Amino acid sequence: DGTRLPLAIRGTASTTAVQYATPVASAQVKSAILLAGLAAEGPVTVTEPAPSRDHSERMLRRFGARVVTEDRTVTLTPGPLRATAVVVPGDISSAAFLLVAGATVGEGRVTLHRVGVNPTRTGVLDVLEAMGAHIQTANAADEGEPTTSLTVTAGPLRPTTIGGPLLIPRLIDEIPVLAVAATAAAGVTVVRDARELRVKESDRIAALARELVKMGAAIEERPDGMVVTGGRRLHGAALTSGGDHRMAMALAVAALGAEGETIIEDVTCVATSFPGFAATVNALAGTTAIEVEP
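The opening residue of the sequence shown carries number 1 in this note's numbering; numbering runs sequentially from there.
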C-alpha cells in the first residue's frame with residue numbers, strides 16, 4: 001500500500017555530509033549513518049541524547065577511520081581504510097542469560113571466558129551486582145574491545161530499580177532476563193524509562209508481563225516498564241516466545257528455576273543470536289535441562 005517494506009535503495013558514488021541528532025539513543029541508527037558517511041563528501045556527525053554502544057566506532061578506528069567522540073557527539077571524517085585483524089569477543093547480551101541462570105538456579109558457579117565488557121554494554125553487570133549477585137572478574141584483556149572472564153555464584157538476590165537515561169541504553173536488550181532475576185528477588189523491583197522495549201522484536205513489556213504471570217510471577221505492566229514483586233517460586237506453564245529470541249531465552253531461564261515442566265513455543269528464533277543456547281545450558285547443568293523439539 002506504499003507505506004511498508006519492501007523498499008528499494010539506489011546507491012550513489014558519494015553521500016551528502018550530514019549533522020544528525022537522533023531522537024533516542026540508538027547504536028543501530030548511529031552506525032548506519034557512520035558507515036554511509038565513509039563515502040560522504042565531508043565529515044558526518046551524529047549527536048545522541050544519551051551515549052549508546054560504541055562498537056562501530058571502535059571497529060572503524062581499527063580500520064583506520066578518523067572517528068572522534070566528544071561527549072554524546074561522534075564525528076567521522078571520510079578517508080581510506082586499511083585491512084586489519086579483528087578479534088570478536090563473547091557477546092555480553094548472550095552471556096546475560098547464563099549469568100542470571102547461574103545467579104538464581106542451584107548452588108554452583110558459572111564461569112564465562114572472554115566476555116566483551118565494553119562499558120557501553122555492562123549495565124547488566126551493574127544491576128546484577130546491585131541485586132547482590134556474586135560476580136568475579138579475571139583475565140582482563142583488550143584487543144580493540146575489553147574482555148574478561150566472569151564467574152557468578154548462586155545466592156539470594158534483592159530488589160532494585162532499573163531506569164534512567166544513562167543506564168537503560170546500556171542494558172535495554174538484557175531487561176527480559178533481568179525481569180526473570182527480579183522474580184527471584186524478594187521485594188519490589190521497578191523497571192522504568194524502557195518504553196523502547198515495546199518496539200523490539202515483540203512488545204517485550206507486554207510479553208514479559210503476560211508470560212511470566214502464567215508461571216506465577218507478580219508483574220504490573222506500565223507504559224515504560226514494569227513492577228515485579230519477587231520472591232515467589234515459579235511453576236511450569238505453557239508459554240510462547242512470540243518469535244522473539246530474547247524472550248525465548250529469558251523464559252527458558254525462568255523455567256530452569258521453576259517447579260515442574262515448562263513448554264515454550266516458537267524457539268527457533270533463538271538461532272538469531274545464540275544458536276548454541278540449549279546445548280550450552282545443558283552442558284552447564286550436566287543434564288538435559290532444555291530439550292528442543294523440531
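Built from N, CA and C at the ideal position, the CB exists for glycine as well. Bear in mind the structure is a predicted one, so any value in this text is a computation, not a measurement.
Between which two residues does the alpha helix (DSSP H) carrying residue i extend?
| i | result |
| --- | --- |
| Thr104 | Ile92 to Thr104 |
| Arg62 | His55 to Arg62 |
| Thr183 | Ile175 to Thr183 |
| Val68 | Premise fails: Val68 lies in the beta strand (DSSP E), Arg66 to Glu70, not in any alpha helix (DSSP H). |
| Val213 | Arg204 to Lys214 |
| Glu129 | Gly123 to Ala130 |
| Ala250 | His245 to Leu256 |
When burial is assigned at 16 or more other CB atoms within 10 Å of the CB, is residue i buried or exposed?
| i | result |
| --- | --- |
| Glu127 | A quick correction: the sequence has Val, not Glu, at residue 127. When all chains shown are included, Val127 counts as buried. |
| Gly123 | buried |
| Val68 | exposed |
| Gly299 | Coverage of the chain is limited to positions 1 through 294, which leaves residue 299 absent and any answer about it impossible. |
| Ile263 | exposed |
| Leu125 | buried |
| Glu174 | buried |
| Val253 | buried |
| Thr147 | buried |
| Ala141 | exposed |
| Pro89 | buried |
| Thr73 | exposed |
| Val46 | buried |
Quick test of your reading: residue i and residue j, contact by CB under 8 Å. State the CB separation rounded to the nearest angstrom.
| i | j | result |
| --- | --- | --- |
| Val100 | Ala181 | 5 Å |
| Thr209 | Thr104 | Note that residue 209 is Ala in the sequence shown, not Thr. Not confirmed; about 19 Å, so no contact. |
| Ser14 | Glu41 | 5 Å |
| Leu150 | Val115 | 5 Å |
| Pro169 | Ser94 | Actually they are not in contact, since the Cβ atoms of Pro169 and Ser94 sit about 18 Å apart, beyond 8 Å. |
| Met226 | Ala258 | Met226 to Ala258, Cβ: 19 Å. No contact. |
| Leu98 | Thr280 | 7 Å |
In terms of residues, what are the limits of the beta strand (DSSP E) holding residue i?
| i | result |
| --- | --- |
| Gly225 | Gly225 to Gly230 |
| Ile290 | Counting along the chain, Ile290 falls outside any beta strand (DSSP E), and DSSP gives it neither H nor E. |
| Arg114 | Arg109 to Gly116 |
| Val24 | Taken as a continuous stretch (DSSP letters only), Val24 belongs to no beta strand (DSSP E), as it is neither H nor E. |
| Thr148 | Pro146 to Thr153 |
Going by Cα to Cα distance, which pick from the options is closest to residue i?
| i | options | result |
| --- | --- | --- |
| Arg296 | Ala140, Val152 and Ala141 | Look at the range of the chain in this structure, 1 to 294, and you will see that residue 296 is not part of it. |
| Ile162 | Thr189, Thr148, Ala50 and Ala13 | Thr189 |
| Val199 | Ile172, Ala186 and Glu211 | Ile172 |
| Gly132 | Arg121, Val117 and Pro156 | Pro156 |
| Phe63 | Arg72, Thr280, Gly79 and Glu221 | Gly79 |
| Gly102 | Thr84, Asp71 and Ile135 | Ile135 |
| Thr137 | Leu234, Leu34, His113 and Pro159 | His113 |
| request: Check whether the segment 15-31 touches the segment 42-57, taking contact to mean three or more Cβ pairs, one atom from each stretch, closer than 8 Å. | output: yes
| task | Check whether the segment 203-219 touches the segment 163-170, counting contact only when three or more Cβ pairs, one atom from each stretch, lie closer than 8 Å. | result | no
| query | Are the segment 245-255 and the segment 266-281 in contact at 8 Å, needing three or more beta carbon pairs? | reply | yes
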